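These notes are about the structure you will find just below.
In the UniProt record's numbering, the protein residues as written are 1 to 673.
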């Protein structure tokens, strides 16, 4: 057993457990992480087998005791300790050996209550509990105990589904526990194991309660020795575990002693040919070897799958538009303002009334501009001043504040026209691309080999959407950004007939002491002659507050338009991204109406980004753990365990491997962390 408890091998097994917990059950890598899964019918002795190995009492009873997977991590160490974790990710708690059954039972009852509230009356749920046991005599192995198969209470299908989920991966070692007094054909655990492992190479059968047939030579031969003597790849181990009546009264040490005496004195099972395949010690030796070999063999496929998934995630993240600040607010601002200002004016309203409504709506839109958009311009005080002024001059004072023509031109032409062009442009591109894709897909459908439809169409979709994306973004950036640049020198002109009455109102705005006026001082000076000569005919001199207000209006309007343009561009990117995803997901059943989704995909994009980044972080952490010493631990583990396998670690091959997969390298200190 010394070779099985080597420190380097123990470190490798610990990393295996940590990677399993780190990646979870939805990572796409968990099927490569080895595990020993204990399955069997209810009351066939699963708990007794685990007790014999772990040296602690587990819950026992005549009914369903195990309702959640129990991950038992056994490690050899100088100190004795038992830790219980109610679920993956929770804090571990130090407990006594005699408290294990109590904690497992309490957590099971707590889960029952929660699941009952959620409508799951069976209480069967895939939420593993973790029990870690360490002492000087413990083998290094991790087992997962699953609920026993029963045909009562309508839980059979739920348990079978749970078992299949754990034993399906090719990396899983299946430990089938079977009561030797019962025919193996009735054991559902055997049936499920044969389905996923027909060769039996990763299945080990534990024959329990052999003492119950020890005095019946026919039953002993049929249910025990026939299997022990079998030359098939399916291996069998016989154990003698305490009966249900002895469970509470017999200590672990006494149970092991009774088992040794039984196999040492039985006339048939004491033969030398059975010594290596009878007893709990023999069981753990076989399990440890199988688990060790599986963990070592799993390192390369896990590493390759981690790199593959990381590459896929990086590629998808690269195609997702960059993060959009306050996406929902931008969407609201953009959509509402474009239609709000450009198309909602009352048909029968007078021109002045229409402008009044536009100004009122503009003030509402300005209120929704996120603060982070204007933080480089100074404090938000200037925005509040502008909005306040817009509101104060509504109604009868409107003509004195802003005449009809400049406001109409600025709002109607700059916003409505450009927005309409942008939206029409996007919709046209989307419709053209969708039509092209659908036509191509339909043509593929009538080809001789429709099975190649998916792969053949992926390249088409990729090329089509990349082309459309480039075309849309280029057109938007060119048309809208150029329009914005043309407006940078715009000054809102006012009819001098109304201007004098406006001055009194604007004089009341106190902007002295605010630094934002300095930001546009150059613009004010540049247009000083225009204001004095063309606008007012030289008869009025403008106050600082007056000039500042109008130039501030221009500055903020440009901020809004810039945000508007950026939002349109990013909306196009989001739309194209989800269009591509939708076409790829539903390529064989294309529906025009389904593909034409809503234009506002901001929140969907951000949610998908968050999911990908979270998974990416988990994969990177797992990769770091693999690179942080596992390659160094494997040769030592193989050497100490005397495994018959070849391990090539030449400098050149390592360099090629590292270059190909872009391995991360960490120092010893980082490895310890």
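For glycine and all other residues, C-beta sits at the position ideal for the given N, C-alpha and C.
Computed from a prediction, not measured in an experiment: that's the story for all the values here.
For residue 84, the pairing in a beta bridge is given by DSSP as 93, 131. Around the beta-carbon of residue 251, fewer than 16 other beta-carbon atoms lie within 10 Å, marking it exposed.
In the same chain as residue 86, and ignoring 5 residues on each side of it, the C-beta atoms closer than 7 Å to its own belong to 107, 129, in chain order. When the beta-carbon positions are compared, residue 296 and residue 32 stay at least 8 Å from each other.
Scanning its chain for C-beta atoms nearer than 7 Å, with the 5 sequence neighbours on each side dropped, one finds around residue 262 the residues 211, 240, in chain order. Each residue's CA atom was taken as its position, placing residue 221 and residue 208 some 14 Å apart. Straight-line spacing of the CA atoms in residue 615 and residue 185 works out to 43 Å. Rounded to whole angstroms, residue 164 and residue 115 show a C-alpha spacing of 21 Å. A check of alpha carbon separations from residue 294 across 203, 178, 110 identifies 203 as the nearest. Counting along the chain, residue 166 sits inside the alpha helix (DSSP H) bounded by residues 156-167. For residue 277, the closest alpha carbon among the candidates 299, 226, 155 is that of 226. It is roughly 10 Å from the alpha-carbon of residue 98 to the alpha-carbon of residue 82. DSSP places residue 74 in the uninterrupted beta strand (DSSP E) bounded by 70-76. In its chain, beyond the 5 residues on either side, no residue has a beta carbon closer than 6 Å to the beta carbon of residue 91. With fewer than 16 other Cβ atoms inside 10 Å of its own Cβ, residue 126 counts as exposed. Closest in C-alpha terms to residue 143, from the list 136, 617, 626, 131, comes 131. DSSP places residue 195 outside any beta strand (DSSP E); the residue lies instead in the alpha helix (DSSP H), whose first and last residues are 188-196.
Sequence-distant Cβ neighbours of residue 55 in its own chain, meaning closer than 6 Å and more than five residues away, are 252.
With at least 16 other beta carbons inside 10 angstroms of its own, residue 67 counts as buried.
Contact check for residue 34 against residue 291 passes: the beta carbons are separated by less than 8 Å. For residue 218, the closest C-alpha among the options 236, 188, 180, 196 is that of 180. When the alpha-carbon of residue 149 is set against those of 141, 612, 159, the nearest one is in 159. For residue 112, the secondary structure class from DSSP, reduced to helix, strand or coil, is helix. Residue 167 is positioned such that its CB atom lies closer than 8 Å to that of residue 37. Residue 75 and residue 182 have their C-alpha atoms some 33 Å from each other.
Secondary structure of residue 44 (DSSP, three-state): coil.
Annotation: residue 184 is outside any alpha helix (DSSP H) and is labelled neither H nor E by DSSP. In the structure shown, residue 238 adopts extended strand secondary structure according to DSSP, grouped into three states.
In this structure, DSSP gives residue 146 a state outside helix and strand, which the three-state scheme calls coil. CA-to-CA, the gap between residue 609 and residue 156 works out to about 39 Å. Straight across, the Cα-Cα distance linking residue 41 with residue 94 is about 31 Å. Inter-residue distance for residue 612 and residue 625 is about 20 Å (C-alpha atoms, whole angstroms). For residue 295, the three-state secondary structure derived from DSSP is helix. By the Cβ neighbour-count rule, residue 259 is buried, with 16 or more other Cβ atoms within 10 Å of its own. Spanning the alpha carbons of residue 268 and residue 257 requires a straight line of approximately 19 Å. Annotated three-state conformation of residue 276 is helix, per DSSP.
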